[in-house]
Amino acid sequence: MKGMEGIVYVDGTRKPDLQSGSDGDPVPTARRRRLVSRRPDPCSRCPEVLAGQVRPYGVRQEPSIIGASFIGANFRLSVGRYNGGQMRALSRKKGSALEQDSVNGACASRDRWVALAAFGLVLFSQSLLWLTFAPIETEAEVALGVGHLAVRLLALVDPLVFIVMAIGIGILADRRGFRFTVGLGLCLMVPAAVFRAVAVRMDLGGHALYWALLAMQVVISIGACCCVVCIFQMPAKWFPERQRGTAAGLTSMSLLLGNAAVFPLVNLIASLPASPDRAQALQGLARVLDVFAVLVAAVAVLFFALVRKEPKAPCGGRPLEPGTVRRLLRLPGFRALTLLFFFGMGFYITLMVTMEKLMAFHGFSSSFAAVTAGSMTVGGILGSATVPPLSGRLGRRRPFIMLPALLAMPLSLIIAFLPLAPTALIGAVSLGFFLLSAQPVIFTMLGEMDEVGPGLAGTAVGILFGVGSVGQIVVPLLLEIFVRTSPTGHLDYRWSMLFLGLAGLAGFLAVMKDIPETGPGAMESAAESGPTLSQAE
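So the mapping is simple: my numbering equals the position in the sequence shown, first residue as 1, plus 347.
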């Protein structure tokens with residue numbers, strides 16, 4: 348039928364020829380011209396096209412899918428929206444064929460949950476390698492013969508590497524794929540972890556051991572960057588659109604589990620006395636490095652054994668091309684999400700490193716401060732496991748971004764100002780639940796944005812982590828502006844926390860209008876509203 352190549356009826360109903368006027372022409376010609384869909388044609392690799400569920404759009408797309416929706420109620424029309432790497436089915440009939448996994452596309456992979464578990468182990472193990480020295484800083488000072496700041500640099504090198512390399516590695520991930528990039532990261536992390544263990548056993552003497560460990564931490568950080576920038580690319584390529592939020596939540600949960608588990612694991616494996624001498628400290632450190640080297644090597648073997656073949660990337664977004672980073676940063680919605688990521692990561696790290704001083708001001712011990720900081724991470728794990736699936740079921744993203752941004756300030760002030768142990772613990776768990784659960788939702792929104800999609804997921808996430816790593820350094824420095832010393836000699840961070848919360852709230856209110864709603868629920872509501880679908884042009 349002429350002029351009808353751009354329309355697909357799920358029930359196979361005969362297409363009326365609107366151009367010739369047969370079967371009626373309910374949409375005026377001028378109106379029809381304005382409603383012509385301007386979405387790009389899906390390529391021949393689109394999963395639904397390969398599965399035979401929909402036909403590719405023809406060269407001519409008049410009348411538009413929106414104009415055709417006025418033909419009559421007896422036509423069941425599915426509106427194909429080229430968004431987030433798939434032809435999104437916005438049918439009035441729930442469970443439309445377009446919403447099912449395609450048999451030949453990336454979403455039909457029967458091994459996706461196995462691959463997700465293997466990738467989760469990779470993210471878990473890289474967190475262990477990154478934070479190896481954080482739980483035993485004092486003992487590491489004795490073993491390595493260096494000061495406190497030098498030992499802390501072994502962990503701080505990670506965000507510095509992310510600032511420099513995250514965007515470039517994200518571009519590499521989009522060019523070469525998830526399996527290649529994560530495999531490259533493992534090929535860097537495994538030898539570096541083994542060399543750390545061997546170097547401690549050799550006891551190079553002087554400061555040579557410290558510099559060798561610092562060099563290996565840089566290599567491990569580069570490998571970790573290769574793995575972390577794929578934190579959403581894997582769900583985007585392996586999972587159906589409605590399950591991507593859940594998969595992104597599980598990958599984020601794996602990352603947080605590693606951050607939380609490293610402290611008890613290191614202390615358990617090291618088994619050091621209260622005041623160890625250098626020989627005891629070296630032995631305990633060597634045990635930790637041995638176990639972590641074996642662990643990451645085993646995880647690498649599992650990953651390469653279980654993730655053998657990567658599915659074809661679903662089409663979506665725009666292809667990687669020169670100027671992609673500048674183009675993304677010009678998008679108001681992407682800039683808004685980047686600012687939220689900057690402040691969110693910086694705020695989380697600030698609370699983690701300042702918790703001991705906040706609790707000491709109220710008279711609590713260092714062990715209670717550690718429990719409170721750990722409670723934040725536990726809350727984030729729970730949030731990452733529950734909020735993204737809830738977002739997927741409701742088909743909404745924006746509320747799950749706005750709520751954490753609005754609650755971050757009052758919850759942080761509860762921790763800072765109220766000298767009560769129960770309220771501090773409840774506030775920490777609640778803050779972690781809302782603040783950290785927003786991360787996988789942001790990743791899912793990137794995959795659903797027309798300008799990003801799965802095709803640019805690595806580049807977009809690389810930008811987010813690069814900017815977020817800057818926040819991990821800048822936001823703690825901002826906290827020092829209004830810090831005061833109490834009469835008892837403790838540092839008072841309460842007013843600094845208030846200033847930081849107000850600054851974050853002001854930044855959120857400034858970009859709130861630019862945060863897009865990309866969830867499928869919003870698209871379905873728009874599809875049922877009829878004429879408002881002209882916004883999809």
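For glycine and all other residues, C-beta sits at the position ideal for the given N, C-alpha and C. The structure displayed is predicted, hence computed values, not measured ones.
Problem set entry | Residue burial classification, K860 (beta-carbon count within 10 angstroms, cutoff 16) | Under this definition K860 is an exposed residue.
Exercise. What is the residue span of the alpha helix (DSSP H) that F711 lies within?
Worked result: Note, F711: premise wrong, no alpha helix (DSSP H); not H, not E.
Exercise. For A752, is the classification buried or exposed, using 16 other Cβ atoms within 10 angstroms of its Cβ as the cut-off for buried?
Worked result: Classification of A752: buried, given that the 10 Å Cβ count is 16 or more.
Exercise. Should S474 go down as buried or exposed, given a rule of 16 or more other Cβ atoms within 10 Å for buried?
Worked result: S474 counts as buried, since at least 16 other C-beta atoms from the protein chains shown sit within 10 angstroms of its C-beta.
For this session: Grab the span of the alpha helix (DSSP H) containing A594 for me, first residue to last.
Result: Per DSSP, the continuous alpha helix (DSSP H) segment holding A594 begins and ends at R591 to A617.
Problem set entry | Inter-stretch contact at 8 angstroms, needing at least 3 Cβ pairs: the segment 526–544 / the segment 560–568 | With three or more CB-CB distances shorter than 8 angstroms, the segment 526–544 counts as touching the segment 560–568.
Problem set entry | Secondary structure of T832, DSSP reduced to three states | Of the three classes helix, strand and coil, the one that applies to T832 here is strand, per DSSP.
Problem set entry | Cβ separation of G805 and C577, assumed to be a contact under 8 angstroms, to the nearest whole Å | Rounded, the Cβ-Cβ distance is 6 angstroms, consistent with contact.
Exercise. Should the segment 499–517 be called in touch with the segment 645–652, which here means at least 3 C-beta pairs below 8 angstroms?
Worked result: The way I'd put it, the segment 499–517 doesn't touch the segment 645–652; fewer than three beta-carbon pairs between them come closer than 8 angstroms.
Exercise. If you draw a straight line from the C-alpha of F471 to the C-alpha of V635, how long is it?
Worked result: One C-alpha to the other measures close to 16 angstroms.
For this session: Locate the alpha helix (DSSP H) running through M536, then write down its first and last residues.
Result: Segment F525 to M549, the alpha helix (DSSP H) holding M536.
Exercise. Nearest to L767 by alpha carbon, out of V822, A716, F747 and A626?
Worked result: Relative to L767, the option among V822, A716, F747 and A626 whose CA is nearest is A716.
Exercise. Quick one: Cα of Q433 to Cα of E795, how far?
Worked result: Residue placement at Q433 cannot be trusted, given a pLDDT of 38 that sits under 50; what the coordinates show is reported in the next sentence. Our two residues, Q433 and E795, have alpha carbons roughly 9 angstroms apart in a direct line.
Exercise. Going by beta carbon distance, what residues of the same chain come within less than 7 angstroms of M600, once the five residues before and after it are set aside?
Worked result: Cβ neighbours of M600 within its own chain (closer than 7 angstroms, five residues either side excluded): I728, S731 and A732.
For this session: In the DSSP assignment, find the unbroken alpha helix (DSSP H) run with D797 in it and report its ends.
Result: Where D797 is concerned, there is no enclosing alpha helix (DSSP H), given that its DSSP letter is neither H nor E.
For this session: Out of M581, I762, Q590 and P769, state which residue places its alpha-carbon closest to the alpha-carbon of L778.
Result: For L778, the closest of M581, I762, Q590 and P769 by C-alpha to C-alpha distance is I762.
Exercise. Using DSSP with H/G/I as helix, E/B as strand and the rest coil, what is L424?
Worked result: With a pLDDT of only 30 at L424, under 50, the local geometry of the prediction cannot be trusted, and the value read off the model is given with reservation. Three-state result, L424: strand.
Exercise. Which of the three DSSP states, helix, strand or coil, is assigned to L767?
Worked result: It is coil, neither helix nor strand.
Exercise. Of the choices L838, L686, E488 and L463, whose alpha-carbon is the least far from that of I748?
Worked result: Of the candidates L838, L686, E488 and L463, L686 places its Cα closest to the Cα of I748.
Exercise. Which two residues bound the contiguous alpha helix (DSSP H) that contains K860?
Worked result: Unbroken run through K860: none, as it is neither H nor E.
Problem set entry | Segment limits, alpha helix (DSSP H) that includes K584 | Where K584 is concerned, the enclosing alpha helix (DSSP H) starts and stops at Q580 to W585.
Problem set entry | C-beta contact flag for L852 and M756 at 7 angstroms | M756 sits close to L852, with the two beta carbons spaced by under 7 angstroms.
For this session: Check whether the Cβ atoms of F650 and A465 lie closer than 7 angstroms to each other.
Result: Annotated as proximal: F650 and A465, with beta-carbon spacing under 7 angstroms.
Exercise. Tell me the DSSP bridge mates of D839?
Worked result: In DSSP, D839 forms a bridge with R831.
Exercise. With a Cβ-Cβ cutoff of 7 angstroms, do V808 and G517 count as a contact?
Worked result: Cβ atoms of V808 and G517: closer than 7 angstroms.
For this session: Quick one: using the 10 Å Cβ neighbour count with 16 as the cut-off for buried, is S833 buried or exposed?
Result: By the 10 Å Cβ count, S833 comes out exposed.
Exercise. CB-CB under 6 angstroms to L653, same chain, minus the five flanking residues each way: which ones, in chain order?
Worked result: Here the set comprises V461 and A465.
For this session: Give the secondary structure of A785 by DSSP, where H, G and I count as helix, E and B as strand, and everything else as coil.
Result: Secondary structure at A785: helix, using DSSP grouped into helix, strand and coil.
For this session: For the alpha helix (DSSP H) holding T479, just list the boundary residues, first then last.
Result: DSSP places T479 outside any alpha helix (DSSP H), giving it a letter other than H or E.
Exercise. Does DSSP classify H495 as helix, strand or coil?
Worked result: Here H495 sits in helix by DSSP.
Exercise. So what's K656 in DSSP terms, helix, strand or just coil?
Worked result: Here K656 sits in coil by DSSP.
For this session: Have a look at F527, E864, I810 and A487 and flag the residue whose alpha-carbon is nearest the alpha-carbon of R655.
Result: Closest by alpha carbon: F527.
Exercise. What residues in its chain sit with their C-beta under 6 angstroms from that of M889, if we drop five residues either side in the sequence?
Worked result: In this structure the chain extends from 348 to 884, so residue 889 is not present and cannot be described.
For this session: Output the distance between the C-alpha atoms of L551 and L632, rounded to the nearest integer angstrom.
Result: Each residue's CA atom was taken as its position, placing L551 and L632 some 14 angstroms apart.
Exercise. How do the segment 705–721 and the segment 781–798 stand: do at least 3 beta-carbon pairs fall below 8 angstroms, yes or no?
Worked result: They do not touch, by the three-pair rule.
Exercise. Does DSSP put G866 in a helix, in a strand, or in coil?
Worked result: The three-state reading of DSSP puts G866 in coil, since its state is none of H, G, I, E or B.
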